[in-house]
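Engineer: Structure provided below as structure tokens; questions to follow.
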Amino acid sequence: MNKKNRTAIAITILITGLLFSFAGCNSTKEIPDDLTAPQLLQRGQASLDSSDYKAAERYFLKTIQQYGDDVNTYIEAKYELAHLYIKIKSYEKAYNTLSEILELYDYDMTGSLPPAYKKLAQIEMDKIPLAKLEEYQNASR
């Protein structure tokens with residue numbers, strides 16, 4: 000093997016390694032643990048607005064994981080997650096998430112849940128195609 004071939008192989012390996020490292024940085028971006036619930040939700044909404052659906056889902060799930068003990072934050076993050084699922088036509092996930100939200104309102108005896116999200120969840124539920132909605136409702140019985 001001559002010097003030209005070795006140099007070409009070394010450059011190819013270097014470029015390939017760099018490409019994989021850049022690709023890995025983008026796909027495994029960590030969400031900082033010190034973000035507040037509003038910051039996580041805002042970043043999720045910004046990601047949704049810029050069509051970065053995987054990042055949006057990660058932010059909303061992180062909000063639930065980190066701040067889900069607060070029922071208002073939990074419902075808001077769940078609603079945003081359902082809205083995302085409707086947008087990407089993942090109707091079964093949307094149905095399950097919206098059903099959970101509406102069920103929380105059905106069992107709320109204190110009236111302490113934010114009323115807007117019940118109405119918003121019903122509006123989002125109406126966006127699920129009727130055939131899909133009936134299929135999911137029948138499966139959950």
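Those letters in the sequence shown? Residues 0 to 140, by the working numbering. Beta carbons are placed, not taken as given, at the ideal position from N, Cα and C, and that holds for glycine.
In chain order, what residues of the same chain have a beta carbon less than 7 Å from the beta carbon of ILE74, not counting five sequence neighbours either side?
Structural biologist: The residue labelled residue 74 in the question sits at position 75 within the sequence shown. Once the five neighbours on either side are set aside, the close Cβ partners of ILE74 are ILE100, LEU103, LEU112, PRO113, TYR116.
Engineer: Assuming LEU39 and LYS61 form a contact by the criterion Cβ under 8 Å, report the distance between their Cβ atoms to the nearest whole angstrom.
Structural biologist: The residue you call residue 39 lines up with position 40 of the sequence shown. The residue you call residue 61 lines up with position 62 of the sequence shown. That belief holds up - the Cβ atoms of LEU39 and LYS61 are roughly 6 Å apart, short of 8 Å.
Engineer: May I have the straight-line CA-CA distance separating ASP48 from GLN64, to the nearest angstrom?
Structural biologist: In the sequence shown, the residue the question calls residue 48 occupies position 49. In the sequence shown, the residue the question calls residue 64 occupies position 65. So the alpha carbons of these two residues sit roughly 22 Å apart.
Engineer: Measuring straight from C-alpha to C-alpha, what distance separates MET108 and VAL70?
Structural biologist: Here the question's residue 108 lines up with position 109 in the sequence shown. Here the question's residue 70 lines up with position 71 in the sequence shown. When rounded, the distance between both Cα atoms is 14 Å.
Engineer: In three-state DSSP terms, what is ALA110?
Structural biologist: Here residue 110 is taken as the residue at index 111 of the sequence shown, counted from 1. According to the sequence provided, residue 110 is Gly. The question's Ala does not apply to it. It is coil, neither helix nor strand.
Engineer: Rounded to the nearest angstrom, what separates ASN95 and ASP125 at their Cα positions?
Structural biologist: What you label residue 95 is simply residue 96 of the sequence shown in a count that begins at 1. What you label residue 125 is simply residue 126 of the sequence shown in a count that begins at 1. ASN95 and ASP125: Cα-Cα distance of roughly 13 Å.
Engineer: Quick check: the Cα distance between LEU83 and LYS53, rounded to an integer number of angstroms?
Structural biologist: Counted from its first residue, the sequence shown places residue 83 at position 84. Counted from its first residue, the sequence shown places residue 53 at position 54. Whole-angstrom Cα-Cα distance: 10 Å.
Engineer: Sort ALA93, ALA130, GLU134, TYR106 by Cα distance to THR121 and report the nearest one.
Structural biologist: Here residue 121 corresponds to residue number 122 of the sequence shown, with the count starting at 1. For the sequence presented, residue 121 should be read as Gln rather than Thr. Of ALA93, ALA130, GLU134, TYR106, the residue nearest in Cα terms is ALA93.
Engineer: Please list the segments of the alpha helix (DSSP H) lying wholly inside the segment 25 to 58, counting only runs of 4 or more residues, in order along the chain.
Structural biologist: 36 to 48
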